[in-house]
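There are 2 protein chains.
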Amino acid sequence: MSSFRAQKMAKKKQEILRSAAAVLIEKGYQGTTMEEIAAKLLMTKGSMYYYFKNKDDLLHQCHLMIMELCLEGIETVFNSDCTPIEKLRNAIKEHILLATSEKSMFMALAKPNHNFSDEQLKEVLELRKIYSQYFDRIINEGIEKQVFENVDVKMARLIILGALNWIQEWYDQDGPQSAEEISDAYARYLLKMIIKEK
Amino acid sequence: MSSFRAQKMAKKKQEILRSAAAVLIEKGYQGTTMEEIAAKLLMTKGSMYYYFKNKDDLLHQCHLMIMELCLEGIETVFNSDCTPIEKLRNAIKEHILLATSEKSMFMALAKPNHNFSDEQLKEVLELRKIYSQYFDRIINEGIEKQVFENVDVKMARLIILGALNWIQEWYDQDGPQSAEEISDAYARYLLKMIIKEK
DNA sequence: TTATTTTTTGAACTTTAGTTTAAATTTTTC
DNA sequence: GAAAAATTTAAACTAAAGTTCAAAAAATAA
Numbered sequence: 418m419s420s421f422r423a424q425k426m427a428k429k430k431q432e433i434l435r436s437a438a439a440v441l442i443e444k445g446y447q448g449t450t451m452e453e454i455a456a457k458l459l460m461t462k463g464s465m466y467y468y469f470k471n472k473d474d475l476l477h478q479c480h481l482m483i484m485e486l487c488l489e490g491i492e493t494v495f496n497s498d499c500t501p502i503e504k505l506r507n508a509i510k511e512h513i514l515l516a517t518s519e520k521s522m523f524m525a526l527a528k529p530n531h532n533f534s535d536e537q538l539k540e541v542l543e544l545r546k547i548y549s550q551y552f553d554r555i556i557n558e559g560i561e562k563q564v565f566e567n568v569d570v571k572m573a574r575l576i577i578l579g580a581l582n583w584i585q586e587w588y589d590q591d592g593p594q595s596a597e598e599i600s601d602a603y604a605r606y607l608l609k610m611i612i613k614e615k
Numbered sequence: 418m419s420s421f422r423a424q425k426m427a428k429k430k431q432e433i434l435r436s437a438a439a440v441l442i443e444k445g446y447q448g449t450t451m452e453e454i455a456a457k458l459l460m461t462k463g464s465m466y467y468y469f470k471n472k473d474d475l476l477h478q479c480h481l482m483i484m485e486l487c488l489e490g491i492e493t494v495f496n497s498d499c500t501p502i503e504k505l506r507n508a509i510k511e512h513i514l515l516a517t518s519e520k521s522m523f524m525a526l527a528k529p530n531h532n533f534s535d536e537q538l539k540e541v542l543e544l545r546k547i548y549s550q551y552f553d554r555i556i557n558e559g560i561e562k563q564v565f566e567n568v569d570v571k572m573a574r575l576i577i578l579g580a581l582n583w584i585q586e587w588y589d590q591d592g593p594q595s596a597e598e599i600s601d602a603y604a605r606y607l608l609k610m611i612i613k614e615k
């Protein structure tokens, strides 16, 4: 029966993390208040402390949740048996889907650097590293199979992830471009950048 | 003689703005304190109010200063009589130079949205628009002269500026890549993305 | 239903940072 | 060098937000 309790608790935590993420993407770390996170759930800020040790803890777990979501996506893409071209295309599209879908806000948590403790920061940066390494591996695969130009992998990856991460700065749910259209264009152009011309 | 006074005041304002910009890039809007801005100049936060109405005013002017620096650069590039390819290459390099040189931090002021008044925000967004339009014009020039592929100009520009703006997230003065190397690689790869293959 | 446990509340406390101000210091002017 | 103006200071004030906690409310179990 304790499992039922635990589940309920976990669910509530999820709700709070989601609310926190929504505020976080809008206001940034310092601009996010316990009050606002709570208000969105019709709770009082005091209740938050029943579920999380403090604001740092809450936002850190929020960050982890988002990164894990991203990692799940890229792992699936990488482990598929597509060609490197298809993998990169899918990775780009998956990333954009996450960056634009309302539930996630991905790296919107720009610059985690100055808010987290050393240990928390290390954890977050490690996840980011793993994520970006998947892109490196895909690019390397393409180079080995001679379908990509012999690019500087790190540079190419930085350009690609930079372009992708910037989307959240301007993307508007109700804007002229759908996430689908953006995905197509980005995948096309960014692939052209590294695909070997015959 | 009032001009001397005015100049001295202006100089001090510049110093404060520079200090504010340095903090801003590290901590973000909400994380930037009057105290820290002042401390860097061996002043007290109270003094700041002799030069600026309040924190909003200070950071808004800081934002404008940076944008004007950027506009200066892109205007020069655009008005040169280079080919579109050279112009785009130079625009990219100039942008990276600004983004990496210690004095500027460019768009580091991510998401100005939730901090400025409507009027201030309008002003900032207007400057950003002008800046990005220069990129559009350069890309359009290239398409017209048939040296660039017939790309979706807006998408191409978003990809390019996205990749460029992300640099500030990872660039490290003492890192393995020099700003020069980054510039070269970025210009090369991003140009490959839109240059017409013969 | 009653007792027990879990969850939420709301007020109090604390800390931090923006702002004001009168006084002190420095700079300029005559 | 003294008077006037400009600049800086340090302390006080204010507001906002993180945190704690005892009591109330709600949920669960007996």
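Chains A and B are the protein sequences, given in the same order. The working numbering puts the first residue of the first sequence at 418, with every later residue one more than the last. The working numbering puts the first residue of the second sequence at 418, with every later residue one more than the last. By construction, the Cβ of each residue, glycine as well, lies at the ideal position given by its N, Cα and C atoms.
The residue among B:Pro501, B:Thr500, B:Ala456, B:Leu544 with its C-alpha nearest the C-alpha of glutamate 432 of chain B is B:Ala456. The C-beta distance from leucine 475 of chain A to methionine 465 of chain A rounds to 7 Å, short enough to meet the 8 Å contact threshold. Listed along chain A are Asp569, Met572, each with a C-beta nearer than 7 Å to that of alanine 602 of chain B. The beta carbon of alanine 573 of chain A sits closer than 7 Å to those of Ile556, Ile611, all from its chain and outside the five residues before and after it, given in chain order. Residues are counted here when their Cβ sits less than 8 Å from a Cβ of chain B; for the region 576-589 of chain A these are Ile576, Ile577, Leu578, Gly579, Ala580, Leu581, Asn582, Trp583, Ile584, Glu586, Trp587, given in chain order. Chain-ordered, the chain A residues with CB closer than 9 Å to the CB of glutamine 447 of chain B read Lys444, Gly445, Tyr446, Gln447, Gly448, Thr449. Taking the Cα positions, serine 600 of chain A is about 19 Å away from tyrosine 606 of chain B. With 16 or more other CB atoms across the displayed protein chains lying within 10 angstroms of its CB, threonine 449 of chain A is buried. Taking 8 Å as the upper bound for CB-CB distance, asparagine 567 of chain B and isoleucine 560 of chain B are in contact here, some 6 Å apart. Cβ-Cβ separation between cysteine 487 of chain A and tyrosine 548 of chain A: approximately 6 Å, consistent with a contact (criterion under 8 Å). The beta-carbon of leucine 542 of chain B is placed no less than 8 Å from the nearest beta-carbon of chain A. Contact between glutamine 447 of chain A and glutamine 447 of chain B holds, with the beta-carbon distance rounding to 3 Å and staying under 8 Å. Leucine 544 of chain B has its alpha-carbon roughly 33 Å from the corresponding atom of isoleucine 483 of chain A. Judged by DSSP in its simplified three-state form, phenylalanine 495 of chain A adopts helix. Sorting A:Lys444, A:Asp498, A:Gly490 by C-alpha distance to the C-alpha of leucine 515 of chain A places A:Gly490 at the top. Under the DSSP definition of a beta bridge, phenylalanine 565 of chain A partners with A:Ile612.
Secondary structure at asparagine 471 of chain B: coil, using DSSP grouped into helix, strand and coil.
Cβ atoms of isoleucine 502 of chain B and valine 564 of chain B come within 8 Å of each other, at about 6 Å. Taking methionine 426 of chain A as reference, the option from A:Tyr468, A:Ser436, A:Val570, A:Val494 with the minimal CA-CA separation is A:Tyr468. For methionine 610 of chain A, a Cβ of chain B is located within less than 8 Å of the residue's own Cβ. Under the DSSP assignment, glutamine 585 of chain B falls in the alpha helix (DSSP H) whose first and last residues are 570-587.
The beta carbon of glutamate 614 of chain B falls within 8 Å of a beta carbon belonging to chain A, placing the residue at that interface.
In the DSSP assignment, lysine 504 of chain A falls within the alpha helix (DSSP H) that extends over 501-517. Beta-carbon to beta-carbon, glycine 579 of chain A and glycine 445 of chain B are separated by about 19 Å, too far to satisfy the 8 Å threshold. Going by DSSP, methionine 451 of chain B is part of the alpha helix (DSSP H) stretching over 451-456. The DSSP-derived three-state label of leucine 459 of chain A is coil.
Burial of phenylalanine 552 of chain B is indicated by the presence of at least 16 other C-beta atoms within 10 angstroms of its C-beta. Residues of chain B with a Cβ closer than 7 Å to the Cβ of tyrosine 548 of chain A do not exist; the shortest Cβ-Cβ separation is about 13 Å. One Cα belongs to glutamate 540 of chain B, the other to phenylalanine 495 of chain A, and the distance between them is close to 44 Å. Residues of the region 470-483 of chain B with a C-beta atom less than 9 Å from some C-beta of chain A do not occur. Taking a contact as a CB-CB distance under 8 Å, the pair tryptophan 587 of chain B and asparagine 582 of chain A does not count as one, their CB atoms being some 10 Å apart. When rounded, the separation of the alpha-carbon atoms in aspartate 473 of chain B and asparagine 507 of chain A is 42 Å. In the structure shown, the three-state DSSP call for aspartate 601 of chain B is helix. The beta carbon of cysteine 499 of chain A sits closer than 8 Å to the beta carbons of Asn507 from its chain, once the five residues preceding and following it are set aside; these are given in chain order. Not a single C-beta of chain A is nearer than 8 Å to the C-beta of tyrosine 468 of chain B.
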